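Peer 1:
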Amino acid sequence: NAGVTQTPKFQVLKTGQSMTLQCAQDMNHEYMSWYRQDPGMGLRLIHYSVGAGITDQGEVPNGYNVSRSTTEDFPLRLLSAAPSQTSVYFCASSRQGHYDTQYFGPGTRLTVL
Amino acid sequence: DAKTTQPPSMDCAEGRAANLPCNHSTISGNEYVYWYRQIHSQGPQYIIHGLKNNETNEMASLIITEDRKSSTLILPHATLRDTAVYYCIVTRVSTSGTYKYIFGTGTRLKVLA
């Protein structure tokens, strides 16, 4: 299993541009989530999904959209990038259940100029 | 959601036990305590979790106080590769069956040669 994969690893955008961060998992996990991590801070939950077709907001959802059309994929969309969205983005997945551990991807480092 | 409090940093001599404390005084009866760590800029890595009993696995031990208001992660023989930021997280399943992790800022553990 590849586990959780994220693309791209690095990305530079100009203010106002849009882009999609890709996340995929091959473990048939129902639960997937997106976090951002700013320098010197812990991870903050952006959006999460408990299964295909179901998404919900986390702590910091503004400026981001998500969809979950398949179990495997959970893309994160920035519609109009802002410098405040410069961060490292992590995707995670786990089986459904409150006792399950989360598996994190390697992260995408995004810079918005 | 219950909040957690951790010391910002700790040092530990190589080969000695590293004891990382976490306060979660507002924890509810159905909330689990999870520990993750993040090495450099990699994605967080699961270590261990528990509800009310002490737990041990190949990586670490988790000691939860009887009132569940605090816990301690123990790395029995710390190595240089254990240098990382350690996160204590409390999570629960909601009535709708969803759950989410709320990360704090963690403890930066430095293992000294």
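Going down the list, the protein sequences come from chains A and Y. Quick note on the working numbering: the first sequence kicks off at 1 and runs consecutively. Quick note on the working numbering: the second sequence kicks off at 1001 and runs consecutively. Just so you know, even glycine gets a beta-carbon here, dropped at the ideal spot from N, CA and C. Note that the structure is predicted; figures quoted are calculated from it, not measured.
1. Buried or exposed for Y/G1043, please, with buried defined as at least 16 other CB atoms from any protein chain shown within 10 angstroms of its CB.
2. Nearest to Y/T1105 by CA position, among Y/A1113, Y/V1111, Y/I1089 and Y/L1112, is which residue?
3. What's the C-alpha gap between Y/P1076 and Y/A1060?
4. Please list the partners that Y/G1106 has in chain A, where partner means a Cβ-to-Cβ separation under 7 Å.
5. Quick one, which of Y/L1062, Y/F1103, Y/K1069 and Y/R1068 has its alpha-carbon nearest Y/A1018's?
6. In chain Y, which residues lie less than 8 Å from A/G16 when you measure between Cβ atoms?
7. By the 9 Å beta-carbon criterion, what residues does the stretch 1033-1045 of chain Y contribute toward chain A?
8. Look up Y/P1021 in the DSSP assignment and say whether it is helix, strand or coil.
9. With respect to the beta strand (DSSP E) encompassing Y/A1084, which residues constitute its N-terminal and C-terminal limits?
10. What did DSSP end up calling Y/R1081 once you bin it into helix, strand or coil?
11. Which residues in the same chain have their Cβ closer than 6 Å to the Cβ of Y/D1082, if we skip the five residues on either side of it in sequence?
12. Return the CA-CA distance between A/V12 and A/W34, expressed in angstroms with no decimal places.
13. Looking at C-alpha atoms only, which residue of A/Q102, A/S67, A/C91 and A/N62 is the closest neighbour of A/T55?
14. Exposed or buried, Y/I1039, counting other C-beta atoms within 10 Å across all chains shown (16 or more means buried)?
15. Output the boundary residues of the beta strand (DSSP E) element that contains A/Q22.
16. If you drop the 5 nearest sequence neighbours on each side, which residues of the same chain put their C-beta closer than 8 Å to that of A/G3?
17. Return the first residue and the last residue of the beta strand (DSSP E) that Y/M1059 is part of.
18. Quick check on Y/I1102 - is its C-beta less than 9 Å from some C-beta in chain D?
19. Whose C-beta lies closer than 7 Å to the C-beta of A/H98 among residues of the same chain, with five residues either side of it excluded?
20. Please tell me whether A/P106 has its Cβ less than 9 Å away from any Cβ of chain Y.
21. Using the beta-carbon of each residue, which ones in chain Y are nearer than 9 Å to A/Q25?
22. Just reading off the beta strand (DSSP E) that Y/H1049 is part of, what are its end residues?
23. On the three-state DSSP scale, how would you describe A/S84?
Peer 2: By the coordinates alone:
1. Per the 10 Å Cβ criterion, buried.
2. Measuring from the Cα of Y/T1105, the nearest candidate turns out to be Y/I1089.
3. Per the coordinates, the alpha-carbon of Y/P1076 lies some 7 Å from the alpha-carbon of Y/A1060.
4. From the beta-carbon of Y/G1106, the residues of chain A found nearer than 7 Å are G42.
5. Closest option to Y/A1018, Cα to Cα, is Y/L1062.
6. Neighbours of A/G16 in chain Y, taken as residues at a C-beta separation under 8 Å, are lacking, since the least C-beta distance is about 27 Å.
7. Listed by position along the chain: Y1034, Y1036, Q1038, S1041, Q1042, G1043, P1044 and Q1045.
8. Three-state DSSP puts Y/P1021 in a strand.
9. Counting along the chain, the unbroken beta strand (DSSP E) around Y/A1084 starts and ends at A1084 to T1091.
10. In the three-state scheme derived from DSSP, where H, G and I count as helix and E and B as strand, Y/R1081 is classed as helix.
11. Closer than 6 Å at Cβ, skipping near neighbours: L1075 and V1111.
12. The straight-line gap separating the alpha-carbon atoms of A/V12 and A/W34 is approximately 19 Å.
13. Comparing Cα-Cα distances from A/T55 to each of A/Q102, A/S67, A/C91 and A/N62, the minimum goes to A/S67.
14. Answer is exposed; the Cβ neighbour count stays below 16.
15. Element bounds for A/Q22: M19 to Q25.
16. Here the set comprises Q25, D26, M27, Y103 and G105.
17. That residue, Y/M1059, is in no beta strand (DSSP E); it is neither H nor E in DSSP.
18. The displayed structure is made up of protein chains A and Y, and chain D is not among them.
19. Any reading at A/H98 needs caution, since the residue's pLDDT is 43, under 50, leaving its predicted position unreliable; the model's value is listed next. Closer than 7 Å at Cβ, skipping near neighbours: no residue.
20. Output row for A/P106: interface = yes.
21. At a C-beta separation below 9 Å, A/Q25 has no neighbours in chain Y, since its nearest C-beta there lies roughly 12 Å away.
22. For Y/H1049, the enclosing beta strand (DSSP E) begins and ends at Q1045 to G1050.
23. Reduced to three states, the DSSP call for A/S84 is helix.
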